[in-house]
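Visitor: Would you mind keeping the following structure in view while I ask a few things?
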Amino acid sequence: MNDPARIPQAIFDAVSPLLEPEWVELIVDYSVDETQSDMAASYSVQKGGHLEEVAILLPHVVDGLFRALRDSLPDRATQAFSACRYRVTRSGSFEAEYSYDKVDWDGLLARSGWNFPDIATKRAQ
Numbered sequence: 003m004n005d006p007a008r009i010p011q012a013i014f015d016a017v018s019p020l021l022e023p024e025w026v027e028l029i030v031d032y033s034v035d036e037t038q039s040d041m042a043a044s045y046s047v048q049k050g051g052h053l054e055e056v057a058i059l060l061p062h063v064v065d066g067l068f069r070a071l072r073d074s075l076p077d078r079a080t081q082a083f084s085a086c087r088y089r090v091t092r093s094g095s096f097e098a099e100y101s102y103d104k105v106d107w108d109g110l111l112a113r114s115g116w117n118f119p120d121i122a123t124k125r126a127q
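Residue 3 is where the sequence shown starts when you use our numbering, and the numbers rise one by one after that.
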């Protein structure tokens, strides 16, 4: 993919088949260095008048899309990002936050994988 402006949509297109029709917000946390990467994702869904958080396993193609984004961003000339938090809502808002700190791979193993701490009901897909 040559156009970095199209990559966020391609990421969503790869993930959207995993979302339930009542989804509200999706968050993908992506960490990467030159040799390895890690992805964790969950979304919130409106069920029976309350919100639930659902953890999902992302398809491998998403890793390739984030790597393409990392290679194509204008900041790449100075430093490639080491982490990206990708957030999109059903209403269409999109946000990506980037980190340039060295990835703590051991710390990633200890993380819970949940992105919506205020939502009490959690489940894995």
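Yeah, the Cβ is synthetic: ideal placement off N, Cα and C, and Gly gets one too.
Per DSSP, Gln48 is paired with what?
Guide: If you number the sequence shown from 1, residue 48 lands on position 46. Its beta-bridge partners are Leu53.
Visitor: State the beta-bridge partners of Trp107 as determined by DSSP.
Guide: The count along the sequence shown starts at 1 and reaches residue 107 at position 105. None, per the DSSP bridge assignment.
Visitor: Near Tyr102, what residues of its chain come up, given a Cβ to Cβ distance below 7 Å and the 5 sequence neighbours on each side ignored?
Guide: Within the sequence shown, residue 102 is the residue found at index 100, counting from 1. Result list for Tyr102: Gln81, Phe83, Ser84, in chain order.
Visitor: Within the continuous alpha helix (DSSP H) that includes Arg69, where are the two ends?
Guide: Walking along the sequence shown from the start, residue 69 turns up at place 67. Arg69 -> alpha helix (DSSP H) spans 63 to 74.
Visitor: For Leu28, which three-state DSSP category applies?
Guide: By one-based count along the sequence shown, residue 28 stands at place 26. Leu28 falls in the strand class under three-state DSSP.
Visitor: From the DSSP output, which residues share a beta bridge with Ala43?
Guide: Taking the first residue of the sequence shown as position 1, residue 43 is located at position 41. Ala43 pairs with Val30, Ile58.
Visitor: Compare the beta carbon distance of Val26 and Val47 with 8 Å and say whether it is the shorter of the two.
Guide: Locating residue 26 in the sequence shown gives position 24, where the first residue counts as 1. Locating residue 47 in the sequence shown gives position 45, where the first residue counts as 1. Cβ distance < 8 Å, so Val26 and Val47 count as in contact.
Visitor: If I measure Cβ to Cβ from Leu60 and keep anything under 6 Å in the same chain, skipping five residues before and after, which residues do I get?
Guide: Mapped onto the sequence shown, residue 60 falls at position 58. Correct list, in chain order: Met41, Ala43.
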